[in-house]
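J.: Please see the structure below; I have some questions.
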Amino acid sequence: MEKKSQKPLRNTVSELLCVICTLFLLVSLFSFTALAEDSNVKISASLSSKLAETSATEKVPVIIILPDQQISFTTAAGKEKIESKQKDLITFLETEKSKKNVKDIKPMSIINAVAANVTPAVLASLIERSDVSTVELDAIYTIGQSETSSVETEASTAQESTASTNAWGVDKIGAPAVWQQGITGKGITVAVVDTGVDATHPDLDDLDDNPSTTDPKVIGWIDYINSKSSPYDDHGHGTHVSGTISGTGANGIQTGVAPGTNLIVAKVFDSDGSGYLSDCILGFQWAVTNNARIISFSGGSSVHDTAFADTINNVVAAGVIPVVAAGNDGPTSSTINCPGDELNSCTVGATDSSDEIAYFSSRGPVTLDDQTYVKPDVSAPGVDVTSTIPGGEYADWSGTSMATPHVSGTAALILEENPTMKPAA
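Below, the structure is given as structure tokens:
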């Protein structure tokens, strides 16, 4: 009879632990898949889809929305109340963060919500909490620049002239006639929520281009991507947008519709032109709390997000005008991007120099919450638009991104003349 060999006890224990771990992972994955498929839980459809392809150890970016959304974030009492409402939730998230199950906790007050990256197990705990209303995917948003050619323009040739050359869009919308009346957007602050800004560009470095005065054009800055303290633009998109709103023409080409405006800039998109929804929302929040009258946002997503819709509504309630690109998914109908699809957004389409709608410009209508309405609200020059880019130069870019700042600048001109006008008007 053959003698059977005996395995060492530690090998047997090791194998048993491997089996237990494997079973645990299988059960976990089954649970998270079931969670993703359960229509009764408090998670968005996009988050459900994300969960279906997420491992047990992976962290998912989410926005956790609390029940009470009727608190004003613009008052000290309101902010204190929101912080109180979020306190227990943030304590829970911080505890899970110490266990390596959560990272990047970002409280928001413009909507009563907290963004974070969480494991599926933490998400399962979140949806059981009474202080959590819904949980949405913290989606990726992108800038709306079209794929058309980008042509750099030399500034030096124009500088030889005693007067700057107007960009065609500035002339097309009749801005010079308004300037002749002494209206240039003076006293109006516009927030550019984008890829950043080159605040050293000659058209954007000074409010009046007078070297004897110190009055910077860019008076506010925040960086949600790299947390840098000084303005910069590692893409160029935000600088192009800024030039169309506020460029002074000091470097040879008059690109700005409202050259007398001040800018505050929130960097929410990285060097590739992408950023999280939560950072975009925080950029809007920062703009409102830093006295912007207008927010210019040339970005979006093809998927509607309730969190951004609520943000837009709260921005308007605070008396600030959200001017938003329609998107570049035309010519198909019903292709307006979020948050341009929100009823209270001032949504902008793109036209060319012949006043024809650009082929790429997203079309309406929009149907949300059992309501159908016309979008975009207005269209503006968005094809081969000359504006500022980092390094003191100019470039011709196309997209509803380029149309949007024409409208933002126009709104600034209107507000200088009618400073008490509300967003709806």
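Residues 55 to 479, numbered by my numbering, are exactly what the sequence shown covers, in order.
Just so you know, even glycine gets a beta-carbon here, dropped at the ideal spot from N, CA and C.
Bear in mind that the values here come from a model prediction, so they are computed numbers and not experimental data.
1. Measuring alpha carbon to alpha carbon, tell me which residue in S408, A449, R347 and S356 is nearest A193.
2. By DSSP, does N220 sit in helix, in strand, or in coil?
3. Within 10 Å of its beta-carbon, does D409 have 16 or more other beta-carbons around it, so buried, or fewer, so exposed?
4. Tell me whether A380 sits in a helix, a strand or coil according to DSSP, three-state version.
5. Output the distance between the C-alpha atoms of V342 and A320, rounded to the nearest integer angstrom.
6. Consult DSSP for K153 and reduce its assignment to one of helix, strand or coil.
7. Please go through the same chain and pick out, in chain order, the residues whose beta-carbon is closer than 6 Å to the beta-carbon of S126, but skip the five residues on each side of it.
8. Mapping DSSP to helix, strand and coil, what is S85?
9. For P270, count neighbouring Cβ atoms within 10 angstroms of its own Cβ and tell me buried if that reaches 16, exposed if not.
10. List the residues that DSSP assigns as beta-bridge partners of C400.
11. What does a CB cutoff of less than 7 Å around A361 pick up in its chain, not counting 5 residues either side in sequence?
12. To the nearest angstrom, how far is the alpha carbon of T188 from that of T421?
13. Could you tell me the distance, in whole angstroms, from the CA atom of V33 to the CA atom of G198?
14. How many Å lie between P161 and I144 at the Cα?
15. Could you check what DSSP says for N368 in three-state terms: helix, strand or coil?
16. Where A412 and G403 are concerned, what is the direct C-alpha to C-alpha distance, given to the nearest angstrom?
17. From this set, L101, Q123, A379 and G274, which residue's C-alpha is nearest A371's C-alpha?
18. Would Y448 be called buried (16 or more neighbouring beta carbons within 10 Å of its own) or exposed?
19. When you compare the CB positions of Y286 and G327, do they come within less than 7 Å of one another, or not?
20. Go to P435, then tell me how far its beta strand (DSSP E) extends in each direction, as first and last residue.
21. Where DSSP assigns a beta bridge to V189, which residues make up the other side?
22. Would you mind working out which of P444, G445 and V432 sits nearest P459, comparing C-alpha positions?
23. From which residue to which residue does the beta strand (DSSP E) around S350 run?
24. What did DSSP end up calling I318 once you bin it into helix, strand or coil?
25. According to DSSP, C392 sits in a beta bridge with which residue or residues?
26. From F146 to S179, what does the alpha carbon distance come to, in whole angstroms?
27. Leaving aside the five residues before and after V461 along the sequence, list all residues of the same chain whose C-beta is less than 7 Å from its C-beta, in chain order.
28. Considering just the uninterrupted stretch of the alpha helix (DSSP H) at Q339, what are its terminal residues?
T.: So, from the data block:
1. S356
2. strand
3. exposed
4. coil
5. 11 Å
6. coil
7. G132
8. For S85, the predicted structure reports a pLDDT of 43, less than 50, and the residue's modelled location is therefore unreliable. A value from the coordinates is still provided. Helix, per DSSP.
9. exposed
10. V377
11. I117, I119, I165, A167, E190, L331 and I335
12. 22 Å
13. In this structure the chain extends from 55 to 479, so residue 33 is not present and cannot be described.
14. 8 Å
15. helix
16. 8 Å
17. Q123
18. buried
19. no
20. V432 to P435
21. I97 and I118
22. V432
23. I348 to F351
24. strand
25. S355
26. 10 Å
27. V377, C400, V402, V432 and A434
28. L331 to T343
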